[in-house]
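If you read the sequence shown in my numbering, its first letter stands for residue 17, the second for the next number, and so on. From the three backbone atoms N, C-alpha and C, an ideal C-beta is built for every residue, glycine too. This structure is a prediction, so every number in the text was calculated from the model and none was measured. Okay, so here's the structure we're looking at.
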Amino acid sequence: MGLQARLRTGLTATLRAALARHLRGLDPLSRLNRFFAPAPDGMIDAYIREAAPLFVVTAEEDGRICGVAEVHLHRDPARGAEIAVSVDEDRRRAGLGSALFARAVAECRARGVADVSIVCLHGNVAMRRIAERAGFARVPGGDAATVTARLGGPLPSGRAKMDGT
């Protein structure tokens, strides 16, 4: 059947279970990059129970999620939305994360979400590169351990590279 991308709104019990399987399957470094913490299975299960994304874009093969871009509105919707991406280890370095991210950004735009952001650990080079290639600019300041980048909305003056230069 091959790899299929699906836009999903509303997390059904079946989709929550599939997302939990995907996230629990991430290696320790990927869990750290995604959740900013070691994220044991119990933490992932609690996250999935409470998650209320605006939408998700999944990459699926034979009914199994192998990558996802989650889009969550900020508590103050005027601040826009944040995208989080995770991809199974055996699917990395093939453009899947970039494709999921691009589809999520396009869907945000189609829904009128003007301000889209990411927050990632400074060491998450893959996510920084995906965002930079998509036109995101680093927001100066903040925590030295993390990178915040935005697309759209009022950007701070200057467009710092994602590595801080």
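Beta-carbon proximity check, residue i vs residue j, cutoff 8 Å
| i | j | result |
| --- | --- | --- |
| residue 85 | residue 116 | yes |
| residue 71 | residue 24 | yes |
| residue 112 | residue 83 | yes |
| residue 190 | residue 129 | Nothing in the structure corresponds to residue 190, since the chain is present only between 17 and 181. |
| residue 100 | residue 150 | no |
Option nearest residue i by Cα separation, candidates the options
| i | options | result |
| --- | --- | --- |
| residue 138 | 102, 38 and 154 | 154 |
| residue 73 | 136, 20 and 128 | 20 |
| residue 114 | 79, 100, 146 and 95 | 146 |
| residue 110 | 136, 75, 120 and 79 | 75 |
| residue 183 | 100, 65 and 140 | As displayed, the chain neither begins before 17 nor continues past 181, which places residue 183 out of reach and without an answer. |
| residue 68 | 38, 26 and 55 | 26 |
| residue 45 | 55, 94 and 37 | 55 |
| residue 161 | 94, 53 and 31 | 53 |
Close Cβ partners of residue i (< 6 Å) along its chain, the five nearest in sequence each way excluded
| i | result |
| --- | --- |
| residue 122 | none |
| residue 98 | 88 and 133 |
| residue 143 | 136 |
| residue 171 | Low confidence applies here, because residue 171 scores a pLDDT of 36, under 50, leaving its location unreliable; read the following figure in that light. If we look at residue 171 and ignore the five residues flanking it on each side, its Cβ neighbours are 153. |
| residue 77 | 19 |
| residue 57 | 40 |
| residue 141 | none |
Burial state of residue i, where buried means 16 or more other Cβ atoms lie within 10 Å
| i | result |
| --- | --- |
| residue 175 | Confidence in residue 175 is poor, its pLDDT being 39 and thus under 50, which makes the residue's placement too unreliable to answer from. |
| residue 90 | exposed |
| residue 28 | exposed |
| residue 35 | buried |
| residue 163 | buried |
| residue 104 | buried |
| residue 184 | Past the boundaries of the shown model lies residue 184; the chain is included only from 17 to 181, so the question cannot be answered. |
| residue 120 | buried |
Close beta carbons around residue i, own chain, < 8 Å, minus the five adjacent residues each side
| i | result |
| --- | --- |
| residue 51 | 59, 60 and 63 |
| residue 107 | 75, 82 and 83 |
Cross-strand partners of residue i (DSSP beta bridge)
| i | result |
| --- | --- |
| residue 19 | 77 |
| residue 136 | 163 |
| residue 89 | 97 |
| residue 71 | 87 |
Same chain, Cβ closer than 7 Å to residue i, neighbours up to 5 away in sequence not counted
| i | result |
| --- | --- |
| residue 42 | 50 and 102 |
| residue 165 | 133, 134, 147, 152, 153, 154, 155 and 178 |
| residue 31 | 24 |
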